[in-house]
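Undergrad: Under my numbering, read the sequence shown as residues 9 to 400, first letter to last. Dropping a structure here in structure tokens format, bear with me for questions.
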Amino acid sequence: MIPLLVPDLPRCDDVIPWLKEIDNNRWYSNYGPLCEQFENAIVALLKQHNPGARSEFTMVSTSSGTTALEVGLGAYRLRPGTRVVLPSLTFPATATAVIRSGLIPVLADVDPDTWVLTPEIAAGVIERSGAKVVIPVAAYGQKLDERAWSDFASHYDCQVLIDSAGAFPAHVPVPDVNIAYSFHATKSLGIGEGGGLLSTDRGYLQTARELTNFGFSSGTVNTIGMNAKLSEYHAAVGLCQIQRFGAIKTRRQTLYRQLRQAINDKTSRVQYQSHSIPASPTLFVVAVPGHAESICRQLTAEGIGVRQWYCPPLHLHPAFDSYIRNASLKFGELSVAEHLADRLIGLPFHPSLDRGDVARIAQALECVLQQEEVCGSDFVASPATGFKRQIQ
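Written as structure tokens, this is what we have:
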């Protein structure tokens, strides 16, 4: 079996110097010296990989990508019950972070070509819902336009928090647009567990830091917070990973190109999210001209690890039923999200793959598509709906 994901973390010997530093410092959590180094190093790394960034920004580290979202929402100091727009095609943590923050998720559809929530789609939803926050998601590592979202935030007088959990280092914050990253073990810069909230607004980040430490400020609790701090041990792994990141990014981009070329050499019946290569790919997702569930079963039988990432979309999960019974919290039929959920397949993608694995994945996918008898299928744009339908 070719596994779907294999974390790429540093070896024990590489981390030992950092662990010795922790021993010498006798500081294990609560924003220790390694945590501070890690935050500064992430900011420097993002500036290095986004040379066009014009705004100054800083980061507050968190215990996970999910807590980065919760802290980011909490730092806005919104009234309970405030509505937050987010795409239905996303990982459930995007919505659970909203709910756990005492806010109400407003589920929106996604663009049929890029598979993400766009400012154009969000505009109609925010006008009808009265939402005060939008969480665009960089689904599958797709790069979002921070400047376009900054213009959106200014025009609609709202907050924008980009969920960039799996898209490091694609995004940097700009005025009115904050960024949440995940450093989970499976991400391109994985440290085991961890996250980061980035902003150009130092006051906002100061509030966020207080929230990660139970809400303490100058010895008293001024707001209700949580324990969302990054430990020194995770920061140690993070500092080690930053030293490796140049090689990690190059390997992931090379592998992405190899896998895409191998599939293109075998079949023209799949679609990709974008023509470009993600900044440092974490996942490899394709749209197939057949039912993804059936194709996944067959690929699994062929020894290929697969997953239908973000499928079903949020509005089809039982946990969110009570939030969509009111029609005002679910705009439209979310037909694009449902259509994509029946077409998207995540294929194996991790640095452990070799050329033989890549060839085997491409061959298995082509064989399964042939067995599904979709050789005459294609995706075409429907003028009426704007999203791609399958034509037999």
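Beta carbons: idealized from backbone N, C-alpha and C, even for Gly.
1. Taking the alpha helix (DSSP H) that Phe160 belongs to, which residues open and close that run?
2. Per the contact definition of three or more C-beta pairs closer than 8 angstroms, is the region 337-346 in contact with the region 264-279?
3. Is it true that the region 235-244 meets the region 68-78, where meeting means three or more beta-carbon pairs spaced less than 8 angstroms apart?
4. With C-beta atoms as the reference, is Gly200 less than 9 angstroms away from Leu324?
5. In whole angstroms, what is the alpha-carbon distance linking Tyr39 and Glu218?
6. Buried or exposed: His347, going by 16 or more other Cβ atoms within 10 Å of its Cβ?
7. From what residue to what residue does the alpha helix (DSSP H) around Asp362 run?
8. Short of 8 angstroms in beta carbon distance, which residues of its chain neighbour Phe395, apart from the five on each side in sequence? Order them along the chain.
9. With a threshold of 16 other CB atoms inside 10 Å of the CB of Glu44, please say whether the residue is buried or exposed.
10. Where does Ala345 sit, in a helix, a strand or coil, going by DSSP?
11. For Gly198 and Ile10, which I take to be in contact (beta-carbon distance under 8 angstroms), what is that distance rounded to the nearest angstrom?
12. Nearest CA to the CA of Arg333: which residue from Leu12, Pro113, Leu355?
13. Excluding the five sequence neighbours on either side, which residues of its own chain have a C-beta within less than 7 angstroms of the C-beta of Arg315, listed in chain order?
14. The alpha helix (DSSP H) spanning Gln269 covers which residue range?
15. Between the C-alpha atoms of Phe65 and Pro59, what's the straight-line distance to the nearest angstrom?
16. In the region 57-100, which residue ranges form an unbroken beta strand (DSSP E) of at least 3 residues, counting only runs that do not cross its ends?
17. Below 8 angstroms on the Cβ atoms is my guess for Leu361 versus Leu263; work out the distance and round it to an integer in Å.
18. Among residues of its own chain, excluding the 5 on either side of Val92, which ones have a beta-carbon nearer than 8 angstroms to its beta-carbon?
19. Return the first residue and the last residue of the beta strand (DSSP E) that Gly203 is part of.
TA: Walking through what the data contain:
1. Your numbering for residue 160 matches position 152 in the sequence shown. Counting along the chain, the alpha helix (DSSP H) containing Phe160 begins and ends at 154-164.
2. The answer is no - the region 337-346 does not touch the region 264-279, with fewer than three Cβ pairs under 8 angstroms.
3. With the cut-off at 8 angstroms, the region 235-244 and the region 68-78 touch.
4. Taking the first residue of the sequence shown as 1, we reach residue 200 at position 192. Taking the first residue of the sequence shown as 1, we reach residue 324 at position 316. Against a cut-off of 9 angstroms, the Cβ pair of Leu324 and Gly200 comes out as no contact.
5. Within the sequence shown, the letter at position 31 stands for residue 39. Within the sequence shown, the letter at position 210 stands for residue 218. C-alpha of Tyr39 to C-alpha of Glu218: approximately 11 angstroms in a straight line.
6. Working through the sequence shown from its first residue, we reach residue 347 at position 339. When all chains shown are included, His347 counts as buried.
7. For the purposes of this step, residue 362 is taken as the residue at position 354 of the sequence shown. Per DSSP, Asp362 lies in no alpha helix (DSSP H) and is assigned neither H nor E.
8. By one-based count along the sequence shown, residue 395 stands at place 387. Here the model assigns Phe395 a pLDDT of 37, short of 50, so the residue's position is not dependable and the matter cannot be decided.
9. Here residue 44 refers to the residue found at position 36 of the sequence shown. With fewer than 16 Cβ atoms within 10 Å of its Cβ, Glu44 is classed as exposed.
10. Position 337 of the sequence shown, counted from the start, is the residue given in the question as residue 345. Of the three classes helix, strand and coil, the one that applies to Ala345 here is helix, per DSSP.
11. To locate residue 198, count along the sequence shown from 1; it is residue 190. To locate residue 10, count along the sequence shown from 1; it is residue 2. Gly198 to Ile10, Cβ: 20 angstroms. No contact.
12. Mapped onto the sequence shown, residue 333 falls at position 325. The residue with the shortest Cα to Cα distance from Arg333 is Pro113.
13. Residue numbering aside, residue 315 sits at position 307 when the sequence shown is read from its first letter. Beyond the five residues adjoining it in sequence on each side, Arg315 comes within less than 7 angstroms, by CB distance, of Leu12, Gly354 in the same chain, given in chain order.
14. Along the sequence shown, read from residue 1 onward, the residue named residue 269 stands at position 261. Boundaries of the alpha helix (DSSP H) around Gln269: 240-274.
15. Taking the first residue of the sequence shown as 1, we reach residue 65 at position 57. Taking the first residue of the sequence shown as 1, we reach residue 59 at position 51. Pairing Phe65 with Pro59, the inter-Cα distance amounts to about 14 angstroms.
16. The region 57-100 contains these whole beta strand (DSSP E) runs: 66-70, 91-95.
17. Against the sequence shown, residue 361 aligns to sequence position 353. Against the sequence shown, residue 263 aligns to sequence position 255. Leu361 to Leu263, Cβ: 6 angstroms. Contact.
18. As a working note, residue 92 is residue 84 in the sequence shown. Excluding residues within five positions, the ones whose Cβ falls inside 8 angstroms are Leu81, Val106, Leu111, Ile112, Pro113, Val114, Ala139, Lys140, Val141, Val142, Ile143.
19. Reading the sequence shown from its first residue, position 195 is the one you call residue 203. For Gly203, the enclosing beta strand (DSSP E) stretches over residues 203-207.
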